[in-house]
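Residue numbers (my numbering): 61 to 215. Structure first, commentary second.
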Amino acid sequence: MDFAKPNIIRISDAGDHMPIDHAGKHAAILYPDFGIQFAVGAKGFDKAANYDSTIKRAADLTHAGESGWILAPDLRLQLLTIDSSRLNPAADPALFPDALSAWYWTSHGCAWSMDDAGVPAAFWQVRGLDGNLDSGDRSYEAFARPCRFVARAGQ
Numbered sequence: 061m062d063f064a065k066p067n068i069i070r071i072s073d074a075g076d077h078m079p080i081d082h083a084g085k086h087a088a089i090l091y092p093d094f095g096i097q098f099a100v101g102a103k104g105f106d107k108a109a110n111y112d113s114t115i116k117r118a119a120d121l122t123h124a125g126e127s128g129w130i131l132a133p134d135l136r137l138q139l140l141t142i143d144s145s146r147l148n149p150a151a152d153p154a155l156f157p158d159a160l161s162a163w164y165w166t167s168h169g170c171a172w173s174m175d176d177a178g179v180p181a182a183f184w185q186v187r188g189l190d191g192n193l194d195s196g197d198r199s200y201e202a203f204a205r206p207c208r209f210v211a212r213a214g215q
């Protein structure tokens, strides 16, 4: 697996594979070697929202012919959707035309913010401007890039 040059498959609105050089609109980007698919242009994700609302929107999402969407783990979001050779936003516009220079929620809670029941008050966020990682209180508003896990290529 090569984070610098990962194998990429574009996914149509119907969930079909498209050639990577297809000039038309796509609904998701699949990284088969990593077993993860990221939504592109998902309905309802063009507005920032607090963490709890965003988690629910992802769980209720049907997109690119699939359900089972969640918020992306921080490292996968940071390593696979951020292009460090770009700025404002730090994403390839051919792959993620809906990318913003804003904060994006991840699914990882900040260990330092756990209450006695183990519930985090803050979650890690990735900044679309430059790919930096920081924490954000769950009541803050941020954007999200829903993802879903799939079988890795060759499995």
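Idealized CB from N, CA, C, for every residue including glycine.
Bounding residues of the alpha helix (DSSP H) (the contiguous stretch that carries residue i)
{"i": "Ser-167", "result": "Counting along the chain, Ser-167 falls outside any alpha helix (DSSP H), though it belongs to the beta strand (DSSP E) covering 163-169."}
Delimiting residues of the beta strand (DSSP E) encompassing residue i
{"i": "Arg-208", "result": "206-209"}
{"i": "Ala-88", "result": "88-91"}
Residue i - DSSP class collapsed to helix/strand/coil
{"i": "Ser-195", "result": "strand"}
{"i": "Tyr-184", "result": "Checking the sequence shown, residue 184 turns out to be Trp, not Tyr. Looking at Trp-184 - three-state DSSP - the assignment turns out to be strand."}
{"i": "Tyr-200", "result": "coil"}
{"i": "Arg-70", "result": "strand"}
Buried or exposed by the 16-neighbour rule on C-beta atoms within 10 Å, applied to residue i
{"i": "Arg-187", "result": "buried"}
{"i": "Gly-125", "result": "exposed"}
{"i": "Ala-102", "result": "buried"}
{"i": "Ile-80", "result": "exposed"}
{"i": "Trp-172", "result": "exposed"}
Pick from the options that is closest to residue i, judged by C-alpha positions
{"i": "Thr-114", "options": "His-123, Ile-96, Ser-167", "result": "Ser-167"}
{"i": "Asp-303", "options": "Asp-197, Arg-136, Val-210", "result": "No answer is possible for residue 303: the residues shown for the chain start at 61 and end at 215."}
{"i": "Leu-189", "options": "Ala-151, Arg-205, Met-174", "result": "Ala-151"}
{"i": "Asp-134", "options": "Trp-172, Tyr-164, Asp-73, Leu-121", "result": "Tyr-164"}
{"i": "Leu-121", "options": "Gln-185, Asp-176, Ala-211, Phe-98", "result": "Phe-98"}
{"i": "His-82", "options": "Arg-70, Ala-74, Gly-75", "result": "Arg-70"}
{"i": "Leu-140", "options": "Gly-95, Ile-130, Ala-108, Ala-213", "result": "Gly-95"}
{"i": "Lys-85", "options": "His-77, Pro-149, Arg-212, Ser-72", "result": "Ser-72"}
| message | Measuring CB atoms only, is the stretch 83-102 touching the stretch 155-167, in the sense that at least three cross pairs come out at less than 8 Å? | response | yes
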